[in-house]
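As structure tokens, the structure follows; a few thoughts come after it.
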DNA sequence: TCTTGTTTAGGAATCATTCCTATGTAGCAA
DNA sequence: TTGCTACATAGGAATGATTCCTAAACAAGA
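Residue numbers (this note's numbering), protein chains in the order written: chain P, 1 to 147; chain U, 1 to 147.
Here it is, written out as structure tokens:
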């Protein structure tokens, strides 16, 4: 994923969003990351360039981008929100030790059918599979395995 | 799911847990619910019987039960933790309007294989599918659809 | 350029959850 | 049955992510 500033501005306009330096920088940082950063991660990343940036603005911006459909929230536990600008259908693998989230693009997972036993009028809009487990390094340091 | 008090005490003993009235009541309330209640929900449900019960105790108890493997945490968004004593493999359907969580027992979903493209030493311990959408009542009240 | 509605920054408020600590009690052993 | 001890409970305070509020700054259309 490699978006130029112009691409981003066009994307914002297409969604009826004003294009501001902060907003662009936050979105850019998110697009260029595969680490599913938290609001604070993004704040730390963009702060050096915009020292006046407020964490508040990061939250506000992420909210705006989410409502515009440019960004989605990913959850592992209820502790804090993590964000993802990868909008192609994909799933996640979560390490329960270091809480890393990896993307899984396996196309077989995109062909699940609606589950049986639902109320008839329930409309599924999307689904995601979350695989949980332990990555290599975490498996080798048993201390982290305790939950 | 219908567990007697004796069943619960045996279950606790089997896990090396002390059996106290509060702990039993909290676990019992959770086992008998399919609503994936929050800590506060459980507190509200058990409180009338144990007026001295502390919300603190509910959190502590849920933590103990989780570590013992009797209870799992379910997340929809990062807002608050919701709990489930249904340990048989199952998945969830989440209404984005009213935030209701329904269980999905469709056995086809329990046969997913490990996704491709993972680091070789990553060990998957379990996975869950989360279907998201809108239930009938929420589809009919468009106000709730705005996210 | 001017105007207006949106965006930003900063501080305060909220709220779920955790921490701390003194008292209570389950469960074991004598 | 009784006493001991480690774990459980209750209550209050602390934490920390997120939201709310407000005034000043600014993007974008007229």
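In this text, a Cβ means the ideal position worked out from N, Cα and C, and glycines have one as well.
*Identify every residue that forms a DSSP beta bridge with residue 82/P.*
38/P and 74/P
*How is residue 61/P classed by DSSP in three states: helix, strand or coil?*
helix
*asked:* Can you tell me which residues form a DSSP beta bridge with residue 101/U?
replied: 94/U
_Taking 8 Å as the threshold (C-beta atoms), are residue 133/P and residue 123/U in contact?_
Yes, the pair counts as a contact, with Cβ atoms nearer than the cut-off.
*the region 94–104 of chain P / the region 46–54 of chain P touching (three or more Cβ pairs under 8 Å)*: no
*In the structure shown, what three-state DSSP assignment does residue 69/U receive?*
coil
*residue 84/P: buried (16+ other C-beta within 10 angstroms of its C-beta) or exposed?*
buried
*Over the uninterrupted alpha helix (DSSP H) stretch that includes residue 28/P, give me the two end residues.*
21–31
*At least one CB of chain P closer than 8 Å to the CB of residue 77/U: is that the case?*
yes
*Let me know if residue 10/P comes out buried or exposed under the rule of 16 or more other beta-carbons within 10 Å of its beta-carbon.*
With fewer than 16 other Cβ atoms within 10 Å, it is exposed.
*Would you list the residues sitting across from residue 10/U in a DSSP beta bridge?*
BP columns for residue 10/U are empty, so no partner.
*Indicate whether residue 109/P and residue 91/P have their beta-carbon atoms separated by less than 8 Å.*
yes
*Who are residue 56/U's beta bridge partners in DSSP?*
None, per the DSSP bridge assignment.
*Give the secondary structure of residue 136/P by DSSP, where H, G and I count as helix, E and B as strand, and everything else as coil.*
helix
*What are the residues of the region 125–139 of chain P that lie near chain U, defined by any Cβ-Cβ distance shorter than 8 Å?*
125, 126, 127, 128, 129, 130, 131, 132, 133, 134, 135, 136 and 139
*Can you round the beta-carbon distance between residue 26/U and residue 74/U to whole angstroms, since I take them to be within the 8 Å contact cut?*
The Cβ separation is near 16 Å, so there is no contact.
*Near residue 3/P, what residues of its chain come up, given a Cβ to Cβ distance below 6 Å and the 5 sequence neighbours on each side ignored?*
Closer than 6 Å at the Cβ level, and outside the excluded window around residue 3/P, lie 31.
_Under 8 Å, Cβ to Cβ, is there at least one residue of chain U near residue 37/P?_
no
_Contacting residues, own chain, Cβ-Cβ under 6 Å from residue 129/U (five flanking each side not counted)_ = 91 and 109
_Alpha carbons only, please: which of 29/U, 8/U, 118/U and 20/U is nearest the one belonging to residue 136/P?_
118/U
*asked:* So with CB distances below 8 Å, who are the chain P contacts of residue 109/U?
replied: Those are 112 and 115, listed as they occur along chain P.
*Quick one: using the 10 Å Cβ neighbour count with 16 as the cut-off for buried, is residue 35/P buried or exposed?*
exposed
*C-alpha distance - residue 141/P paired with residue 6/U, whole-angstrom precision*: Going by the C-alpha atoms only, they are around 39 Å apart.
*Beta bridge counterpart(s) of residue 131/P as assigned by DSSP*: Residue 131/P pairs with 93/P and 127/U.
*Consult DSSP for residue 146/P and reduce its assignment to one of helix, strand or coil.*
Confidence at residue 146/P is low in this model, with a pLDDT of 49, below 50, so the placement of that residue should be treated as unreliable; the coordinate-derived value is given next. Residue state, collapsed to three classes: coil.
_Please list, in chain order, the chain P residues whose beta carbon lies closer than 7 Å to that of residue 106/U._
Per Cβ cutoff of 7 Å: 115, 116 and 117.
*Since residue 93/P meets chain U, which of its residues come closer than 8 Å, beta carbon to beta carbon?*
115, 118, 122 and 124
*In chain U, which residues lie with their C-beta within 7 Å of the C-beta of residue 81/P?*
78
*Test: residue 40/P CB closer than 8 Å to a CB of chain U*: no
*How many angstroms separate the CA atom of residue 104/P from the CA atom of residue 78/P?*
21 Å
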